[in-house]
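Shown next, in structure tokens, is the structure this report addresses.
Protein chains: 2
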Amino acid sequence: MTQHRKAVSPHVSPLAPRRFVKLPPLEGVRLSAGAAGIRYKGRTDVMVALFARGTKVAGVFTKSKTASAPVEWCKACLDMSSTARALVVNSGNANAFTGKNGWEGVSEVAAAAADIAGCSLEEVYLGSTGVIGEPLPFEKITRVLDKLVRQAKPNRWREAVQAIMTTDTYPKMATAKAKIGGKTVTINGMCKGSGMIMPDMGTMLAYVFTDAKLSARVLQDLLEEGVGPSFNSITVDSDTSTSDTLLLFATGKAGNPAIRSASDRRLRDLRAKLNALLLDLALQVVRDGEGAGKLIRVDVSGAESDEAAKRVALSIANSPLVKTAIAGNDANWGRVVMAVGKAGEKADRDKLRIWFGKQLVAERGDRAPKYDEARATKAVSGLEVDIAVDLRLGRGKARVWTCDLTHGYIDINGSYRS
Amino acid sequence: MTQHRKAVSPHVSPLAPRRFVKLPPLEGVRLSAGAAGIRYKGRTDVMVALFARGTKVAGVFTKSKTASAPVEWCKACLDMSSTARALVVNSGNANAFTGKNGWEGVSEVAAAAADIAGCSLEEVYLGSTGVIGEPLPFEKITRVLDKLVRQAKPNRWREAVQAIMTTDTYPKMATAKAKIGGKTVTINGMCKGSGMIMPDMGTMLAYVFTDAKLSARVLQDLLEEGVGPSFNSITVDSDTSTSDTLLLFATGKAGNPAIRSASDRRLRDLRAKLNALLLDLALQVVRDGEGAGKLIRVDVSGAESDEAAKRVALSIANSPLVKTAIAGNDANWGRVVMAVGKAGEKADRDKLRIWFGKQLVAERGDRAPKYDEARATKAVSGLEVDIAVDLRLGRGKARVWTCDLTHGYIDINGSYRS
Numbered sequence: 000m001t002q003h004r005k006a007v008s009p010h011v012s013p014l015a016p017r018r019f020v021k022l023p024p025l026e027g028v029r030l031s032a033g034a035a036g037i038r039y040k041g042r043t044d045v046m047v048a049l050f051a052r053g054t055k056v057a058g059v060f061t062k063s064k065t066a067s068a069p070v071e072w073c074k075a076c077l078d079m080s081s082t083a084r085a086l087v088v089n090s091g092n093a094n095a096f097t098g099k100n101g102w103e104g105v106s107e108v109a110a111a112a113a114d115i116a117g118c119s120l121e122e123v124y125l126g127s128t129g130v131i132g133e134p135l136p137f138e139k140i141t142r143v144l145d146k147l148v149r150q151a152k153p154n155r156w157r158e159a160v161q162a163i164m165t166t167d168t169y170p171k172m173a174t175a176k177a178k179i180g181g182k183t184v185t186i187n188g189m190c191k192g193s194g195m196i197m198p199d200m201g202t203m204l205a206y207v208f209t210d211a212k213l214s215a216r217v218l219q220d221l222l223e224e225g226v227g228p229s230f231n232s233i234t235v236d237s238d239t240s241t242s243d244t245l246l247l248f249a250t251g252k253a254g255n256p257a258i259r260s261a262s263d264r265r266l267r268d269l270r271a272k273l274n275a276l277l278l279d280l281a282l283q284v285v286r287d288g289e290g291a292g293k294l295i296r297v298d299v300s301g302a303e304s305d306e307a308a309k310r311v312a313l314s315i316a317n318s319p320l321v322k323t324a325i326a327g328n329d330a331n332w333g334r335v336v337m338a339v340g341k342a343g344e345k346a347d348r349d350k351l352r353i354w355f356g357k358q359l360v361a362e363r364g365d366r367a368p369k370y371d372e373a374r375a376t377k378a379v380s381g382l383e384v385d386i387a388v389d390l391r392l393g394r395g396k397a398r399v400w401t402c403d404l405t406h407g408y409i410d411i412n413g414s415y416r417s
Numbered sequence: 000m001t002q003h004r005k006a007v008s009p010h011v012s013p014l015a016p017r018r019f020v021k022l023p024p025l026e027g028v029r030l031s032a033g034a035a036g037i038r039y040k041g042r043t044d045v046m047v048a049l050f051a052r053g054t055k056v057a058g059v060f061t062k063s064k065t066a067s068a069p070v071e072w073c074k075a076c077l078d079m080s081s082t083a084r085a086l087v088v089n090s091g092n093a094n095a096f097t098g099k100n101g102w103e104g105v106s107e108v109a110a111a112a113a114d115i116a117g118c119s120l121e122e123v124y125l126g127s128t129g130v131i132g133e134p135l136p137f138e139k140i141t142r143v144l145d146k147l148v149r150q151a152k153p154n155r156w157r158e159a160v161q162a163i164m165t166t167d168t169y170p171k172m173a174t175a176k177a178k179i180g181g182k183t184v185t186i187n188g189m190c191k192g193s194g195m196i197m198p199d200m201g202t203m204l205a206y207v208f209t210d211a212k213l214s215a216r217v218l219q220d221l222l223e224e225g226v227g228p229s230f231n232s233i234t235v236d237s238d239t240s241t242s243d244t245l246l247l248f249a250t251g252k253a254g255n256p257a258i259r260s261a262s263d264r265r266l267r268d269l270r271a272k273l274n275a276l277l278l279d280l281a282l283q284v285v286r287d288g289e290g291a292g293k294l295i296r297v298d299v300s301g302a303e304s305d306e307a308a309k310r311v312a313l314s315i316a317n318s319p320l321v322k323t324a325i326a327g328n329d330a331n332w333g334r335v336v337m338a339v340g341k342a343g344e345k346a347d348r349d350k351l352r353i354w355f356g357k358q359l360v361a362e363r364g365d366r367a368p369k370y371d372e373a374r375a376t377k378a379v380s381g382l383e384v385d386i387a388v389d390l391r392l393g394r395g396k397a398r399v400w401t402c403d404l405t406h407g408y409i410d411i412n413g414s415y416r417s
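Top line first, the protein sequences correspond to chains F and C. Start counting the first sequence at 0; every next residue gets the next number (numbering that gives the first Met the number 0). Start counting the second sequence at 0; every next residue gets the next number (numbering that gives the first Met the number 0).
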């Protein structure tokens with residue numbers, strides 16, 4: 000068990016944000032982080048968030064049939080209650096495929112947290128990220144919980160997210176202000192994730208907090224609506240995690256008028272800001288994709304339906320041949336043709352149009368007449384690459400993001416557990 | 000346009016067969032190979048096979064919606080007639096997504112071959128492999144055809160297959176003898192393929208020849224039956240080619256009794272030998288997967304259906320995280336759990352069993368009690384790795400093969416066109 004983070008990811012992704020946002024305090028939330036020694040040495044690996052009484056929560060989770068114990072725990076909590084008082088997340092061990100020990104781990108940690116925070120068991124939310132299939136040494140977490148709860152402060156956002164990083168090369172955070180009926184509310188978000196990223200929901204672990212006063216039903220509606228074009232539209236390696244969790248907490252301290260329905264017009268600003276924040280976080284994950292050197296945006300239009308467009312877009316975004324070509328600054332649009340062809344959706348070779356950046360590279364079943372190799376190469380040589388495909392069959396469209404496939408991915412994943 | 004083969008693949012795959020079989024002559028087939036200078040310098044790039052009058056043919060093709068011009072040509076020929084007199088295949092250019100030029104290319108090459116071979120247009124089968132989306136310089140092929148036809152000999156199998164290699168590091172051939180009603184028949188097969196391999200049919204280009212006397216209907220039935228557990232059960236990188244073609248030619252010269260139906264009991268030996276030969280060729284493709292260092296066999300049993308088992312098996316075999324772990328000798332069975340979970344098929348975490356080699360590594364939603372890290376590591380450290388998963392839900396099963404994902408794959412595909 001070596002210091003994995005230091006050993007394989009000494010560098011920060013070239014796609015990392017130039018500077019990190021500072022999350023403001025958010026009334027009703029206190030945080031802390033500490034070192035439990037679960038797997039890593041010399042770094043923090045547990046974060047705790049504590050919520051004011053009455054905090055509402057909504058969540059979406061991995062659709063994996065082998066979901067982790069914390070995912071099952073959170074789902075069960077949401078079924079029983081819609082309020083949350085504590086969130087405990089560890090890195091270094093995913094507590095996935097850990098059998099009875101796994102369930103014992105989540106129960107023990109939740110019981111300890113409920114005891115210390117003075118709340119009921121189902122108000123404690125849990126998350127774990129790291130290696131799959133190794134027993135979680137949960138007593139290491141319970142041992143530090145009391146201290147972490149006592150030390151929790153409203154301004155410890157960055158410390159908290161740093162404690163849950165694994166192969167991440169930078170902490171992922173975002174913040175926004177929105178108005179509800181004239182009252183300003185704050186939204187803070189954090190997440191982690193770098194590999195095993197093709198969320199069938201939300202990627203790895205993402206936590207969003209607001210002081211808005213919203214019912215659990217409204218929160219859940221907003222979250223399910225926002226996750227589609229953000230976390231559910233990114234892929235690093237087509238591998239869906241066992242642990243994907245996205246939770247949205249609302250402390251209700253902002254004093255906005257009560258909102259009973261997600262279709263309430265007064266939610267327009269909050270919805271826009273929340274969706275932008277979810278996308279911001281999701282893109283931070285892709286920008287930190289394992290080994291990533293480039294951020295690739297794939298737009299598909301003209302499909303028979305939005306669903307068909309998304310399958311074609313993901314077929315392109317998950318193609319190892321497309322991703323390695325982009326890594327090598329190779330404007331190999333023939334591989335985009337291949338990926339469209341294999342997607343299993345309706346496509347007509349002779350209608351298809353493909354752009355790299357602003358350059359039309361293919362149309363009418365052939366290379367575009369004005370194709371220019373130098374311009375096409377330039378379009379795939381920067382840190383951000385845009386691929387657009389118009390199938391010209393219908394009105395369905397989708398946009399997804401991925402990163403390139405480089406030697407870094409092989410380095411990181413050939414020795415993850417060692 | 001550099002000498003791609005020499006530039007990026009100076010080595011032969013570590014998984015290559017120790018020695019290459021020599022294909023015997025097969026009555027009714029003559030072959031030749033030559034250098035047309037389509038893309039590569041200093042090597043051959045066109046092969047021709049000529050067939051005796053009355054040779055029957057069957058074929059299966061890529062299901063890609065952006066299939067290449069030669070694939071469309073072969074399908075059209077099969078629709079019109081079931082006899083074949085010539086096969087012309089080039090490397091260096093796939094003639095895929097090449098529009099009007101692409102169709103002009105196949106028509107011109109077929110017309111020239113029909114003229115020289117003295118047959119009708121629909122008796123000429125074509126294949127092209129190489130870069131997608133660049134116009135095929137077909138006149139370079141027609142220019143050398145006359146000479147190639149004149150020089151065709153019954154013993155030029157190896158020269159022929161060498162001419163159609165692209166990123167392949169060795170020529171792929173297989174041969175077998177079978178008895179039909181007391182008469183011995185010969186089957187020779189050749190194929191090429193290394194990247195863009197997850198056939199939705201047959202991989203890239205594969206040609207099988209027999210002197211057996213069989214109707215086109217019987218041939219087609221045998222081929223469709225044999226392709227499922229062979230070429231349709233391998234994957235290198237989950238990318239389905241635009242050019243996949245598997246053709247089976249029967250010259251009818253062996254003098255066996257006439258066979259009218261694929262269910263004729265006298266076909267038992269031929270069917271077994273043909274299926275073994277198809278699998279042999281398919282595995283030669285995986286063993287030459289781009290950058291491959293290991294051959295990985297994935298067995299899934301206990302699924303709800305054979306189709307479900309195959310989807311789970313391919314989910315494992317296509318997982319970049321599983322493939323990079325195996326490349327790094329990392330017995331990371333947690334990633335196999337992840338791949339089962341994301342496959343979208345029914346799975347029960349607590350029933351699932353996973354083996355690496357002969358070692359049971361996971362059962363009852365947990366690490367197996369007798370798990371031994373050293374033994375598990377040994378099981379993934381050789382040139383051949385077996386992964387088995389029992390879902391314990393039903394009787395469906397499937398077996399697929401893949402290779403690991405290494406730096407070699409990135410090297411080869413980051414600079415394919417340059």
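Glycine included, C-beta positions come from ideal geometry on N, C-alpha and C.
Cβ pair residue i, residue j closer than 8 Å
i, j, result
"residue 30 (chain F)", "residue 48 (chain F)", "yes"
"residue 365 (chain F)", "residue 97 (chain C)", "yes"
"residue 418 (chain F)", "residue 393 (chain F)", "The structure shown does not extend to residue 418 (chain F), since chain F is modelled only from 0 to 417, so the question has no answer here."
"residue 176 (chain C)", "residue 308 (chain C)", "no"
"residue 142 (chain F)", "residue 118 (chain F)", "no"
"residue 217 (chain C)", "residue 186 (chain C)", "no"
"residue 144 (chain F)", "residue 112 (chain F)", "yes"
"residue 92 (chain C)", "residue 179 (chain C)", "no"
Below-8 Å beta-carbon distance, residue i vs any chain F residue
i, result
"residue 238 (chain C)", "yes"
"residue 408 (chain C)", "yes"
"residue 315 (chain C)", "no"
"residue 243 (chain C)", "no"
"residue 324 (chain C)", "yes"
"residue 66 (chain C)", "yes"
"residue 401 (chain C)", "no"
The beta strand (DSSP E) enclosing residue i, as first and last residue numbers
i, result
"residue 132 (chain C)", "Neither: residue 132 (chain C) is in no beta strand (DSSP E) and is coded neither H nor E."
"residue 245 (chain C)", "244-249"
"residue 387 (chain F)", "383-389"
Classification of residue i by the beta-carbon crowding that lies within 10 angstroms, buried from 16 upward
i, result
"residue 10 (chain F)", "exposed"
"residue 382 (chain C)", "exposed"
"residue 262 (chain C)", "exposed"
"residue 348 (chain C)", "buried"
"residue 371 (chain C)", "exposed"
"residue 64 (chain F)", "buried"
"residue 41 (chain F)", "exposed"
"residue 202 (chain F)", "Note that residue 202 (chain F) scores a pLDDT of 43, beneath 50, so its modelled location is shaky; the value from the coordinates is reported in the next line. Buried, since its Cβ has 16 or more Cβ neighbours within 10 Å."
"residue 369 (chain F)", "exposed"
"residue 254 (chain F)", "exposed"
Endpoints, alpha helix (DSSP H) assigned at residue i
i, result
"residue 325 (chain C)", "319-326"
"residue 107 (chain F)", "98-116"
Neighbour flag for residue i against chain C, beta carbons, 8 Å
i, result
"residue 329 (chain F)", "yes"
"residue 60 (chain F)", "no"
"residue 96 (chain F)", "yes"
"residue 10 (chain F)", "no"
"residue 364 (chain F)", "yes"
"residue 302 (chain F)", "no"
"residue 199 (chain F)", "At residue 199 (chain F) the pLDDT is 46, less than 50, meaning the model places this residue with poor confidence; the figure from the coordinates comes in the next sentence. Yes, contact with chain C."
"residue 126 (chain F)", "no"
Touching by the beta-carbon criterion (3+ pairs, under 8 Å), the stretch 347-363 of chain F and the stretch 257-273 of chain F
The stretch 347-363 of chain F makes no contact with the stretch 257-273 of chain F: fewer than 3 CB pairs, one atom from each, lie closer than 8 Å.
Count the C-beta pairs between the stretch 68-87 of chain F and the stretch 50-60 of chain F that are closer than 8 Å, then say yes if the count reaches three, no if not.
The stretch 68-87 of chain F vs the stretch 50-60 of chain F: in contact.
Cβ contact (3+ pairs, closer than 8 Å) linking the stretch 148-155 of chain C and the stretch 20-37 of chain C:
yes
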